[in-house]
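Chemist: Residues in the sequence shown are numbered consecutively from 31, following the working numbering.
From the three backbone atoms N, C-alpha and C, an ideal C-beta is built for every residue, glycine too.
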Amino acid sequence: MATQTAPVMTLYVDLLTEIFDHVLRQDDPWSQPYGPYRWKALITLTAVCAFWRSVCLGGPLLWTQIGPELHNLNIIHLHLERSDGYPLTIHYRHDPGIGDTRVLALLAQHSERWLDVTLMFPSSFCTLLSSIKGRLPLLKTLIWISGMDLDDLQNARNFPGFEVAPSLQRSHLLLPFLKEMIILPWSQLTQLTCEYVHYTSLHSTLPLMPNLSLLAVRKPVNDLVNAIIPRGVTYPQLLSLEVMDCDFQILRSLLHVFPKVDNLTIVVLEKPEPLVLDESTIALPYLSSIHLDVHRYLPGPLLSRAIQIYAPKLSELDFEVARIGDDSKERDVDLYSPRVVGESMLRFLTDLIINARCSLRTLKLAFAVDFDCAEMAALFSVTPDLEVLEIAVSHGMECIPWRSMTPALQTLPQLKTFDLYIPCTTVEPTTLSDLVAFVRSNNRLDIGFLCMD
Numbered sequence: 031m032a033t034q035t036a037p038v039m040t041l042y043v044d045l046l047t048e049i050f051d052h053v054l055r056q057d058d059p060w061s062q063p064y065g066p067y068r069w070k071a072l073i074t075l076t077a078v079c080a081f082w083r084s085v086c087l088g089g090p091l092l093w094t095q096i097g098p099e100l101h102n103l104n105i106i107h108l109h110l111e112r113s114d115g116y117p118l119t120i121h122y123r124h125d126p127g128i129g130d131t132r133v134l135a136l137l138a139q140h141s142e143r144w145l146d147v148t149l150m151f152p153s154s155f156c157t158l159l160s161s162i163k164g165r166l167p168l169l170k171t172l173i174w175i176s177g178m179d180l181d182d183l184q185n186a187r188n189f190p191g192f193e194v195a196p197s198l199q200r201s202h203l204l205l206p207f208l209k210e211m212i213i214l215p216w217s218q219l220t221q222l223t224c225e226y227v228h229y230t231s232l233h234s235t236l237p238l239m240p241n242l243s244l245l246a247v248r249k250p251v252n253d254l255v256n257a258i259i260p261r262g263v264t265y266p267q268l269l270s271l272e273v274m275d276c277d278f279q280i281l282r283s284l285l286h287v288f289p290k291v292d293n294l295t296i297v298v299l300e301k302p303e304p305l306v307l308d309e310s311t312i313a314l315p316y317l318s319s320i321h322l323d324v325h326r327y328l329p330g331p332l333l334s335r336a337i338q339i340y341a342p343k344l345s346e347l348d349f350e351v352a353r354i355g356d357d358s359k360e361r362d363v364d365l366y367s368p369r370v371v372g373e374s375m376l377r378f379l380t381d382l383i384i385n386a387r388c389s390l391r392t393l394k395l396a397f398a399v400d401f402d403c404a405e406m407a408a409l410f411s412v413t414p415d416l417e418v419l420e421i422a423v424s425h426g427m428e429c430i431p432w433r434s435m436t437p438a439l440q441t442l443p444q445l446k447t448f449d450l451y452i453p454c455t456t457v458e459p460t461t462l463s464d465l466v467a468f469v470r471s472n473n474r475l476d477i478g479f480l481c482m483d
């Protein structure tokens, strides 16, 4: 009787290798192409059968990811050998006590194969990378994270190793409080993320990046007090801007210099410094999407002054407000009660839409704070063109103005999709009745409900 071959045995080795690589990436819960999960899973695959072992050991693609957990010099040698000249994705992190600087020196010897690289080490380690200068033909992504030693950071600023990298397009720099930017081929970059950078240093580097389309600025140092920033200078190439924990003075400066930004993300984790703001309206005629994520209470009027924009093409708005007031000092103050915070945020949002003079098509709201349904009704009164509405509330659906929204064809005539995320709590009969009336008032509406724990 002929021996049957398992279907997996009939696959081309290259195809099976790609399947394994895909599985290894999915196996990592951090969605990274490296990590202890990938290494353990790779070893597990080699133990399944002789065929799979031969595929794993002979598949260079599976050995191109070198993660931060690989400190053993012999294992690094194994990866470099079995990857057979393929481009490398490297995440090197120096852990005092177990880190071996010989690993970084060895990786530097293969810099001509670097594709995507994350480096986390003291800037004094730059001397170990002296051999990479002029030997980075494939490098596309550089993530460089250093320590807080100001004297040590001068090593990073003066290090010329990345000056010649003809394929470099994306960079993420966390070099805390460095007053002058490091040496990079800025003209090639299309994406840049900066953390803790001095704002004037970043601003002076912008003219060197004519191809930059995405910029993320996180926790910048506000050194504008005695700085002279040229007015009227703009950089129209930027399409996407993300700012996190940024003083509003810097935020407004960025909006002024990027008039053609299409996507804007603003994340507030900490309270910005209370500064006197220029309250003029900023024209963003190409802006189509805004994502706002607020984790600290800010008075609605302050937000309205900071984000006072004219954006006639704005069609999508995503607004998240986290639970605010957990701090013991804030809990004792009525100003920070969840309802006050929620209502203030909704009034700000209403003002934003009115000032933008836009026809909003998609609105997504996620509120971990309470609010009165009248404030949401006022918001819907300025969004008659909504087609997609998504609401997630943590205090029950009584805060949603069902009666004011009914009939749906009259209040929101263009609405096609409505998704509601609510906590698993008891619903008042009157609220449930109002919800049913709203649903029945538009039989063409696609409605989805999801209860959250």
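Can you list the beta strand (DSSP E) stretches of 3 or more residues lying completely in the region 184 to 269, in chain order?
Modeler: The region 184 to 269 contains these whole beta strand (DSSP E) runs: 200 to 204, 221 to 225 and 244 to 248.
Chemist: With distance defined between alpha-carbon atoms, name the residue in Ile106, Glu111 and Arg112 nearest to His121.
Modeler: Comparing Cα-Cα distances from His121 to each of Ile106, Glu111 and Arg112, the minimum goes to Ile106.
Chemist: Between which two residues does the alpha helix (DSSP H) holding Val412 run?
Modeler: Where Val412 is concerned, there is no enclosing alpha helix (DSSP H), given that its DSSP letter is neither H nor E.
Chemist: Using 8 Å as the Cβ pair cut-off and three pairs as the minimum, do the region 230 to 246 and the region 260 to 271 touch?
Modeler: Enough Cβ pairs lie closer than 8 Å, so yes.
Chemist: What residue does the alpha helix (DSSP H) around Phe288 start on, and which one ends it?
Modeler: Phe288 -> no alpha helix (DSSP H), and no H or E assigned at all.
Chemist: Between the alpha carbons of Ile430 and Met406, how many angstroms are there, rounded?
Modeler: Going from the Cα of Ile430 to the Cα of Met406 covers about 7 Å.
Chemist: Would you decide whether Cys79 is buried or exposed? Buried here means 16 or more other CB atoms lie within 10 Å of its CB.
Modeler: By the neighbour-count rule (16 or more Cβ atoms within 10 Å), Cys79 is not buried but exposed.
Chemist: Does DSSP classify Met435 as helix, strand or coil?
Modeler: Met435: coil per DSSP, three-state reduction.
Chemist: When the distance is taken between beta carbons, is Ala352 closer than 8 Å to Val324?
Modeler: A contact, by the Cβ cut-off of 8 Å.
Chemist: Taking the C-alpha atoms as reference points, what is the distance between Ser234 and Met211?
Modeler: Spanning the two alpha carbons is a distance of roughly 9 Å.
Chemist: Can you grab the Cα-Cα spacing for the pair Trp93 / Pro117, in whole Å?
Modeler: The alpha-carbon atoms of Trp93 and Pro117 are separated by roughly 10 Å.
Chemist: Classify Ala195: buried if its beta carbon has 16 or more other beta carbons within 10 angstroms, exposed otherwise.
Modeler: Result: buried.
Chemist: Going by alpha carbons, who is nearest to Val251 out of Leu204, Trp144 and Ser471?
Modeler: Comparing Cα-Cα distances from Val251 to each of Leu204, Trp144 and Ser471, the minimum goes to Leu204.
Chemist: Less than 8 Å between the CB atoms is what I'm expecting for Glu417 and Arg391, so what's the real figure, rounded?
Modeler: Contact holds; Cβ gap of about 5 Å.
Chemist: So the candidates are Arg132, Gln338, Phe410 and Val227; which of them puts its Cα closest to the Cα of Trp174?
Modeler: Nearest C-alpha to Trp174: Val227.
Chemist: Taking all protein chains shown into account, do 16 or more other C-beta atoms lie within 10 angstroms of the C-beta of Glu300, making it buried, or fewer, making it exposed?
Modeler: Classification for Glu300: exposed.
Chemist: What residue range does the beta strand (DSSP E) around Glu350 cover?
Modeler: Glu346 to Val351 is the span of the beta strand (DSSP E), which, as asked, contains Glu350.
Chemist: Sort out for me which residues DSSP pairs Asn293 with in a bridge.
Modeler: BP columns for Asn293 point to Ser270 and Ser319.
Chemist: Pull up the DSSP beta-bridge partners for Asp275, would you.
Modeler: Its beta-bridge partners do not exist; DSSP assigns none.
Chemist: Got a sec, what are the start and stop residues for the alpha helix (DSSP H) Leu110 sits in?
Modeler: Counting along the chain, the alpha helix (DSSP H) containing Leu110 begins and ends at Leu103 to Arg112.
Chemist: Can you tell which of Cys454, Leu439, Thr461 and Ser463 has the C-alpha that lies nearest to the C-alpha of Leu475?
Modeler: Residue Leu439 is the option with its Cα nearest to Leu475.
Chemist: Which residues in the same chain have their Cβ closer than 6 Å to the Cβ of Asn293, if we skip the five residues on either side of it in sequence?
Modeler: These residues qualify, in order along the chain: Ser270 and Ser319.
Chemist: Would you mind giving the Cβ-Cβ distance between Gly372 and Phe397, rounded to the nearest angstrom? I have them listed as a contact below 8 Å.
Modeler: Sure, about 6 Å apart at Cβ, within 8 Å.
Chemist: What does a CB cutoff of less than 7 Å around Ile477 pick up in its chain, not counting 5 residues either side in sequence?
Modeler: Excluding positions up to five away in sequence, the list reads Phe448 and Val469.
Chemist: Could you tell me the alpha carbon to alpha carbon distance between Ser141 and Ile162, rounded to whole angstroms?
Modeler: Taking the straight line joining both Cα atoms gives about 6 Å.
Chemist: Assuming Arg248 and Glu225 are in contact, meaning their beta carbons sit under 8 Å apart, how far apart are those beta carbons, in whole angstroms?
Modeler: At roughly 4 Å, the Cβ-Cβ gap stays under 8 Å, so Arg248 and Glu225 are in contact.
Chemist: Assign Gln95 to one of two classes, buried (16 or more other C-beta atoms within 10 Å of its C-beta) or exposed (fewer than that).
Modeler: Buried is the call here.
Chemist: Should Arg326 and Asp308 be called a contact, given that it needs their Cβ atoms to be closer than 8 Å?
Modeler: Taking 8 Å as the Cβ cut-off, Arg326 and Asp308 do not qualify as a contacting pair.
Chemist: Under three-state DSSP, which class holds Val85?
Modeler: Reduced to three states, the DSSP call for Val85 is helix.
Chemist: Within 10 Å of its beta-carbon, does Gly89 have 16 or more other beta-carbons around it, so buried, or fewer, so exposed?
Modeler: It is buried - the Cβ of Gly89 has at least 16 other Cβ atoms within 10 Å.
Chemist: Contact check, Ile383 vs Ile339 under 8 Å by CB: the rounded distance?
Modeler: Rounded, the Cβ-Cβ distance is 11 Å, inconsistent with contact.
Chemist: Can you tell me whether Asn472 is buried or exposed, with buried defined as 16 or more other CB within 10 angstroms of its CB?
Modeler: So Asn472 counts as buried.
Chemist: Can you look up Val469 in the DSSP assignment and give me helix, strand or coil?
Modeler: If DSSP states are grouped into helix, strand and coil, Val469 belongs with the helices.
Chemist: Would you grab the beta carbon distance between Val147 and Leu168 for me? Rounded to a whole angstrom, and I think it's under 8 Å.
Modeler: Not quite, the Cβ-Cβ distance comes to about 10 Å (not below 8 Å), so this is no contact.
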